[in-house]
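Listed in order, the protein sequences are those of chains F and D. Each residue of the first sequence is one higher than the last, beginning at 0 in numbering that gives the first Met the number 0. Each residue of the second sequence is one higher than the last, beginning at 0 in numbering that gives the first Met the number 0. All C-beta atoms in this analysis are idealised placements derived from N, C-alpha and C, irrespective of residue type, glycine included. Data block below; observations after.
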Amino acid sequence: MRFLGFIIVCLTGALLLYGTGEFPDWGDPNSPASIHLSDHYIEKAVEETQVPNLVTAVLADYRGFDTMFETAVVFCAGLACFLLLRDFSQKKERFYRHTPTGVILHVKDSKKILKVGKEFEHMDKDWVPSDLIIKTVCRILIPFIQIYAMYVVAHGDFSPGGGFQGGVIFGSSLILLAISYDLKTLVRRVKEKVFGIFAALGVLIYVGIGVICMFMGGNFLDYSRLAPLVPGDPHHIRALGMLGVEIGVGIAVTAAMAIIYINIVSEGRHDEGL
Amino acid sequence: MHWPIDLIVLTFVIFCAIAAISVKDLLGTAILFGAYSFMMCLLWAVMGAVDVAFTEASVGAGVSTVFFVAAVFRTSRRTKD
Numbered sequence: 000m001r002f003l004g005f006i007i008v009c010l011t012g013a014l015l016l017y018g019t020g021e022f023p024d025w026g027d028p029n030s031p032a033s034i035h036l037s038d039h040y041i042e043k044a045v046e047e048t049q050v051p052n053l054v055t056a057v058l059a060d061y062r063g064f065d066t067m068f069e070t071a072v073v074f075c076a077g078l079a080c081f082l083l084l085r086d087f088s089q090k091k092e093r094f095y096r097h098t099p100t101g102v103i104l105h106v107k108d109s110k111k112i113l114k115v116g117k118e119f120e121h122m123d124k125d126w127v128p129s130d131l132i133i134k135t136v137c138r139i140l141i142p143f144i145q146i147y148a149m150y151v152v153a154h155g156d157f158s159p160g161g162g163f164q165g166g167v168i169f170g171s172s173l174i175l176l177a178i179s180y181d182l183k184t185l186v187r188r189v190k191e192k193v194f195g196i197f198a199a200l201g202v203l204i205y206v207g208i209g210v211i212c213m214f215m216g217g218n219f220l221d222y223s224r225l226a227p228l229v230p231g232d233p234h235h236i237r238a239l240g241m242l243g244v245e246i247g248v249g250i251a252v253t254a255a256m257a258i259i260y261i262n263i264v265s266e267g268r269h270d271e272g273l
Numbered sequence: 000m001h002w003p004i005d006l007i008v009l010t011f012v013i014f015c016a017i018a019a020i021s022v023k024d025l026l027g028t029a030i031l032f033g034a035y036s037f038m039m040c041l042l043w044a045v046m047g048a049v050d051v052a053f054t055e056a057s058v059g060a061g062v063s064t065v066f067f068v069a070a071v072f073r074t075s076r077r078t079k080d
């Protein structure tokens, strides 16, 4: 069976390599990709959308409908992780630490719940003492990562970046908090419900902007129709519409990343993680 | 002398890909996937697709490595085949 699989892989690989021979050269001006639409995008995009970054103009404006469903896919990934992994049953045995003395209690009775506060604190089963240096460095670093993430979202019109990248960076700052402290810190700071609502809200912002455009008498996601609603230069309305859409994408991706991480690392129990 | 940097990076990509499927330790595989994604990110940057490189760096090398490590943490570290 292994031998058969190896032969199939080799044959498919050879077929693919044979197929690449027919490809146009890299950057060939006569390739089909460069003669139909690219010219229009390169020559007219800045004029039509007032956005200097062509990639953002294509992603969020010309192909806005496509990007909307990409956001929906990320949302569905978070939803699937939640539905498959979330486990609402409480774990039977728990570990507590008596903070003043450092004594560790192992509670096997599932009904006995100690009050966590000044005296006792929760402990993971495979607990490592939290390192002061790591905690301090991460505490200082996380705000800067989050500001950078917002910059990436807001500056996506002018430089590389946008909603997906910014959202992922913001989500990884939350994951860094969960790794450097513990998972409970993140779950306590931001409730599970909030993540769920934000994931849906991000997609809703995207779709909402499209629907508002329809109500203003244009096509779905035709940002130029938003001009009467927003004060300022009407020429920049497409850039502003794209910014709104990117913010929606960023919110959805942030929440989806956090949901996926929390559910995977704690097997859906949201109690202890890496 | 002009360095063929894309060829060097492409060699690293292929090495990382082969290593990732042949290593028995799944934690090592997760890290090798991270290295693979980072090399792909460099390759995109060499080709001038900075947006794609940015996405690859944040999603491929950053967050998906964390997801792999988290999944390995909750399953087994050794692979059977």
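Spatial distance of residue i from residue j (CA atoms)
i         : j         : result
His121(F) : Phe94(F)  : 6 Å
Lys111(F) : Arg188(F) : 25 Å
Val22(D)  : Phe214(F) : 56 Å
Gly201(F) : Ile250(F) : 5 Å
Asp123(F) : Ser223(F) : 54 Å
Leu203(F) : Leu239(F) : 17 Å
Gly162(F) : Asn52(F)  : 14 Å
Glu21(F)  : Val12(D)  : 23 Å
Lys43(F)  : Thr55(F)  : 14 Å
Pro230(F) : Cys212(F) : 16 Å
Asp24(D)  : Ile34(F)  : 48 Å
Identity of the residues DSSP links to residue i by a beta bridge
i        : result
Tyr95(F) : Leu104(F) and His121(F)
Arg77(D) : Asp24(D)
Buried versus exposed, by CB contacts within 10 Å (16 or more), residue i
i         : result
Thr54(D)  : buried
Lys280(F) : Since the first and last residues shown for chain F are 0 and 273, residue 280(F) lies out of range.
Ser179(F) : buried
Gly4(F)   : exposed
Cys9(F)   : exposed
Met0(F)   : exposed
Trp43(D)  : buried
Ala32(F)  : exposed
Val102(F) : exposed
Asp156(F) : buried
Gly59(D)  : buried
CB contact check: residue i to chain D, cutoff 8 Å
i         : result
Val73(F)  : no
Ser171(F) : yes
Val136(F) : no
Pro159(F) : yes
Gln49(F)  : no
Val54(F)  : yes
Chain F contact for residue i (CB, 8 Å cutoff)
i        : result
Ser57(D) : yes
Thr64(D) : no
Val49(D) : yes
Arg73(D) : yes
Thr78(D) : no
Thr28(D) : no
Ala70(D) : yes
Phe14(D) : no
Gly61(D) : yes
Phe11(D) : no
Phe32(D) : no
Three CB pairs or more closer than 8 Å across the stretch 3–11 of chain D and the stretch 244–256 of chain F: no
Three CB pairs or more closer than 8 Å across the stretch 134–145 of chain F and the stretch 31–47 of chain F: no
Inter-stretch contact (C-beta, 8 Å, three-pair minimum) for the stretch 145–154 of chain F and the stretch 30–39 of chain D: no
Inter-stretch contact at 8 Å, needing at least 3 Cβ pairs: the stretch 262–273 of chain F / the stretch 60–75 of chain D: yes
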